[in-house]
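Everything below concerns the one structure shown next.
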Amino acid sequence: MASVLCAQMGNLSLARNLTQRHSQAFRGAAPFTPSLRPCRPLTLTQPRREVIRAARIAGVEVPNQKYIEYSLQYVYGIGHTTAKAILASTEVPNKRTRELTEEELTILRDEVEKYMTEGDLRRFNALNIKRLKDIGCYRGRRHIAGLPVRGQRTRTNARTRKGKRAGPITGKKVAKK
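First residue of the sequence shown: 1313, per the numbering used here; consecutive thereafter.
Okay, structure coming up:
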């Protein structure tokens, strides 16, 4: 009852303030500042929703502000196509990560666990490269030498694999004239 009375009084004071404000605006006076603040009625029916600070999927904290389709791509081994496939198979709507419920996050975590991601995928790739080096095949030798592996030219370019250009030869004496 008190909240209803407070709401009614608040509405009355707001209506009075509006009429006073309009009449003073025409007179050229300073704007009226209300002395009585309207009371906010208590809303006990709306439960507080837990705000997810940072969602963890496959051991990675994904960003809250982005849509889940793009947040999933922060996990190593999940690209755009895989993220879309995960959302399609789980039937989770593509909304911002902070808007997901805990049940939806659990469903997504379970689906991501089916893929090889993060440490397992890194280890798998490292073992494949080590195997190539051990058997001494062409690709393995290129990995050892730090040169391009897939047939790119090395006379020019290939700076990513080769590193910075070597400067003039150090220790070489310059001929004096």
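Glycine included, C-beta positions come from ideal geometry on N, C-alpha and C.
Computed from a predicted structure; not experimentally measured.
What are the boundary residues of the beta strand (DSSP E) that residue i is part of?
{"i": "residue 1372", "result": "1372-1374"}
{"i": "residue 1369", "result": "1367-1369"}
Using 10 angstroms around the beta-carbon of residue i, count the other beta-carbons present and answer buried if the total reaches 16, otherwise exposed.
{"i": "residue 1420", "result": "buried"}
{"i": "residue 1398", "result": "buried"}
{"i": "residue 1442", "result": "exposed"}
{"i": "residue 1404", "result": "buried"}
{"i": "residue 1387", "result": "buried"}
{"i": "residue 1326", "result": "Confidence at residue 1326 is low in this model, with a pLDDT of 49, below 50, so its placement is unreliable and the value that follows should be read with caution. Label assigned to residue 1326: exposed."}
In the DSSP assignment, find the alpha helix (DSSP H) that holds residue i and state where it starts and stops.
{"i": "residue 1395", "result": "1392-1402"}
{"i": "residue 1425", "result": "First-last for residue 1425: undefined, no H or E at that position."}
{"i": "residue 1441", "result": "1430-1447"}
{"i": "residue 1278", "result": "Residue 1278 lies beyond the range of the chain shown here (1313 to 1489); nothing can be said about it."}
{"i": "residue 1475", "result": "Element bounds for residue 1475: n/a, residue is neither H nor E."}
{"i": "residue 1410", "result": "That residue, residue 1410, is in no alpha helix (DSSP H); it is neither H nor E in DSSP."}
{"i": "residue 1382", "result": "1380-1383"}
{"i": "residue 1450", "result": "1450-1457"}
Under the assumption that residue i contacts residue j (Cβ atoms under 8 angstroms), give the Cβ distance between them as a whole number of angstroms.
{"i": "residue 1461", "j": "residue 1451", "result": "5 angstroms"}
{"i": "residue 1433", "j": "residue 1391", "result": "The Cβ separation is near 12 angstroms, so there is no contact."}
{"i": "residue 1458", "j": "residue 1477", "result": "Rounded, the Cβ-Cβ distance is 14 angstroms, inconsistent with contact."}
{"i": "residue 1424", "j": "residue 1370", "result": "5 angstroms"}
{"i": "residue 1380", "j": "residue 1406", "result": "6 angstroms"}
Going by the beta-carbon positions, is the gap between residue i and residue j smaller than 8 angstroms?
{"i": "residue 1430", "j": "residue 1374", "result": "no"}
{"i": "residue 1408", "j": "residue 1377", "result": "yes"}
{"i": "residue 1466", "j": "residue 1427", "result": "no"}
{"i": "residue 1444", "j": "residue 1455", "result": "yes"}
Candidates the options: which alpha carbon is nearest residue i's?
{"i": "residue 1402", "options": "1415, 1475 and 1411", "result": "1415"}
{"i": "residue 1418", "options": "1368, 1479 and 1400", "result": "1368"}
{"i": "residue 1410", "options": "1396, 1436 and 1383", "result": "1383"}
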